[in-house]
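Residue numbers (the numbering used here), protein chains in the order written: chain H, 48 to 554; chain R, 23 to 380.
Take a look at the structure set out below.
This is how it looks when you write it as structure tokens:
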């Protein structure tokens, strides 16, 4: 007898329908799976056989052929265990009559017949929902994730037996409750807070401006200046994720298999800090299955690169295109997949190999050519994409132990939320979201400078030896500062402040 | 050109003979009637003091053909040769016994004979505010007609170049031939120096700099000018050679004072102890050397700017300290600091600390 069961498989963040056709015919007992399965799918034979037996159903001693349609797309992962098993039971069992029409099944089986959680449920379900499917059977472990999708009927089951009972209408099962999204209390979720950072007023203000406008930021300073601490504070002042943002980020985390099963959705903005020995593939994504890399996992969050010059040149250059386009396209022989990668880059570096160049107290032991070589590791085009480049130095012991009240992350976040709201309103008809993403066209349109501001920029160029590329960076940052001050036009003081956010890197 | 001058050019082109011996021989052979005459008398002297001296080969070089070939090569490379027998060889150098045989010049050679020259020398690494002050002094001096003489290294030399380059009153003295300038740290500036100012060297174009060329080159920097300003240097710095040469030639030596424990300024403090002029204002130099410079216009400052500047002068150098001292918000302070930076009154170092420049 022939049985047809619907399931879904993933290609990047997009799910596609897979028809699992099972035919059980008389003949020598055999079990074949056709339709471009990968290793994990081929191995499902053994899991399915044991799972069916251990669920108290007879495994047919006939010739079994399973076809996964469309036959020309490679199917990956163990999502298809459940539909194959259900298909075999439906095709062979005379006792059970299963109603599998319009039900999409996804799940990995273990030998005892229980269902194990799989990666990528959220994007799978979203794609299936878009294509009009309403009823789903998924593993129990993925229930949390599925709860965020509205208007669908999802059953999160613990075993193959439950699935068979549900499909034969023997037992009533409870649908997964729809959970409404609320960005949870950030203050309690982070280990750090801006108020823990003593002193460093300049750097804190720079972070505020950077986050308000979505600008990338680079800290330059000697070892122990608190660069990492400051970077870790960045997510604490970032605006809460909207549901759409959270869903997008969760999709990527789900596909990559890093989603916590008790969380279900990524509520906090991700903070990714890859070590500088990371390979370009791990950072941008790829591999055989074209999985998302760290920059995509940092989508809507922060990518923190500590000790920037220590990263390999090719790795840093691979960041340029995603920084510009905010997506990364991974092309492999079998698939070309696009993952979103809209992150805020926070980086830190020492001013020279020994770390003390320019500092008043420490003495630099490097030669000029060593310093030049060290800094040349970061290319000009990459530097151009970093709007704020600031110097930080360690604080004195007295400041560390002082009881002076420091502003908390929550207060700063409140101001940032307002500035972001202004930007949303401004860019409502444009394709950009924040000031940092503005192109030349938007700068012309939204960043009109009066004569006084122009004069300031001009004299700054003359007396501070700025490069010509710095101009648009300065204007974009000035726009953000104006937004923070709720000022409609860019004022001279905003331009002056924006000029201040450049590190003294010249030799 | 006289045959003596031609002989000097050919002799300077003999890389296998050290400067020491060339000088020794030239002191004996002061004039000559023809190239052959010079070759004969000098070859005799060389063979006396040099082992394995190839007299035949040496003599064969002294003819008009070799001279034309050399001159053509130099012209092609944009290098003008001024020998010590030429009229425009600077007088200040000519009076020194260890003067270079020839000066290989690129750029405006008239600068060599300017009457007001000051050399500014310093080590590669020093405090950023010192570099800024150096640049400022070089700018003001060169704009009022003083020719700045310096090297081509980074740090002190570079800030002198940056300050003086726009006015054109700048002589850079390199320690290598014109072909090898691209190896210098300041190569980006060198092209502009050649275009608008003057770059000289005592070495023919093809010579590659050896480490010991640099201290020896410093005698030209010290010799050319009427005074030497030492902006930075530790006790081992090559700058001390320039100071020693300047003292040998009887020139004035000036130095910036440094704080105790700042190693990049030990040399400056040392030369001040030894009797050099201490410089805290440009007039400290100009009054001694009799230069006249235009007065600087007063810079207008707002109330906040004055308060911030006063705080920095009193030793509050970090943003946190200034905020506490002046009592303004950080977003008010940062624009003020930038405004002061643009007015060149303060300078920020790599660690985010500010120091005054005036």
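Glycine included, C-beta positions come from ideal geometry on N, C-alpha and C.
| query | Using the beta-carbon count (16 or more within 10 Å), is residue 290/H buried or exposed? | reply | exposed
Beta-carbon spacing of residue 272/H, residue 439/H below 8 Å: yes
* When burial is assigned at 16 or more other CB atoms within 10 Å of the CB, is residue 488/H buried or exposed? -> exposed
**Test item: CB-CB of residue 147/H and residue 133/H under 8 Å** = yes
- Buried or exposed: which applies to residue 89/H, given that a residue is buried once 16 or more other Cβ atoms fall within 10 Å of its Cβ? exposed
Would residue 112/R be called buried (16 or more neighbouring beta carbons within 10 Å of its own) or exposed? buried
- Query: When the Cα atoms are used, what is the spatial distance from residue 482/H to residue 473/H?
  - Reply: 10 Å
* Provide the residue span of the alpha helix (DSSP H) that contains residue 570/H, from first to last. => Only positions 48 to 554 of chain H appear in the structure, and residue 570/H is not among them; the question remains open.
Open item on the list: Can you tell me whether residue 68/R is buried or exposed? The criterion is at least 16 other CB atoms within 10 Å of its CB, across all chains shown.
Closed with: buried
| said: For a cutoff of 8 Å on Cβ pairs, would you count residue 345/R as touching chain H? | reply: yes
Next item on the list: Kindly indicate if chain R contains any beta-carbon less than 8 Å away from that of residue 526/H.
Entry: no
Which residues mark the beginning and the end of the beta strand (DSSP E) in which residue 251/R is found?
249-252
Note to self: Given this structure, state the Cα-to-Cα distance separating residue 302/R from residue 526/H, to the nearest angstrom.
What the structure shows: 41 Å
Self-check item: residue 492/H to residue 308/H span [Cα, whole Å]
Solution: 46 Å
For residue 209/H, the nearest candidate out of 280/H, 177/H, 101/H and 167/H (CA to CA): 101/H
In or out: residue 332/R buried (at least 16 other Cβ within 10 Å) or exposed?
exposed
DSSP on residue 234/H, reduced to helix/strand/coil?
Summary for residue 234/H: the model assigns pLDDT 49, below 50, so the residue's position carries little reliability, and this model does not support an answer.
Exercise. Locate the alpha helix (DSSP H) running through residue 66/H, then write down its first and last residues.
Key: Not the alpha helix (DSSP H): residue 66/H falls in the beta strand (DSSP E), residues 61-72.
**Study point:** Those residues which DSSP pairs with residue 394/H across a bridge
**Key:** 265/H and 352/H
At a Cβ cut of 9 Å, what residues of the stretch 362-376 of chain R count as close to chain H, listed as they run along the chain? 363, 364, 365, 366, 369, 370, 371, 372, 373, 374 and 375
*Contacts that residue 350/R makes with chain H (C-beta to C-beta distance below 9 Å)*: The contacting residues do not exist; residue 350/R stays about 11 Å from chain H at best.
Please state whether the Cβ-Cβ distance between residue 139/H and residue 71/H is less than 8 Å. yes
Discussion item. Relative to the C-alpha of residue 195/R, which candidate in 172/R, 343/R, 210/R and 233/R has its C-alpha closest?
Written reply: 172/R
Practice prompt. Could you work out which residues of chain R lie near residue 530/H, taking near to mean beta carbons separated by less than 9 Å?
Written response: Near residue 530/H there are no residues of chain R at all, since even the closest Cβ is about 13 Å away, more than 9 Å.
* Out of curiosity, what's the CA-to-CA distance linking residue 112/H and residue 50/H? -> 11 Å
Worksheet entry | Integer Cβ distance of residue 145/R from residue 324/R, believed to fall under 8 Å | So it is not a contact: roughly 37 Å between Cβ atoms.
**Prompt:** What are the partner residues of residue 202/H, as DSSP defines its beta bridges?
**Reply:** 184/H
List the endpoints of the continuous alpha helix (DSSP H) containing residue 240/R.
235-246
Open item on the list: According to DSSP, simplified to helix, strand and coil, what is residue 56/H?
Closed with: strand
(Q) Using a Cβ-Cβ distance cut-off of 8 Å, determine whether residue 547/H contacts chain R. (A) yes
Which ranges does the alpha helix (DSSP H) cover as unbroken runs of at least 4 residues, wholly within the stretch 75-147 of chain H, from first to last along the chain?
86-89, 91-101 and 128-139
Exercise. Note down, in chain order, every chain R residue with its Cβ under 7 Å from the Cβ of residue 543/H.
Key: 357, 360 and 361
query: Over what stretch of residues does the beta strand (DSSP E) that includes residue 126/R continue unbroken?
result: 124-129
Kindly indicate which three-state DSSP category residue 299/R falls into: helix, strand or coil? strand
Query - Touch test, the stretch 190-198 of chain H against the stretch 76-83 of chain H, Cβ-Cβ under 8 Å, three pairs minimum - result: no
> Ends of the alpha helix (DSSP H) at residue 522/H?
Replying inline: 517-531
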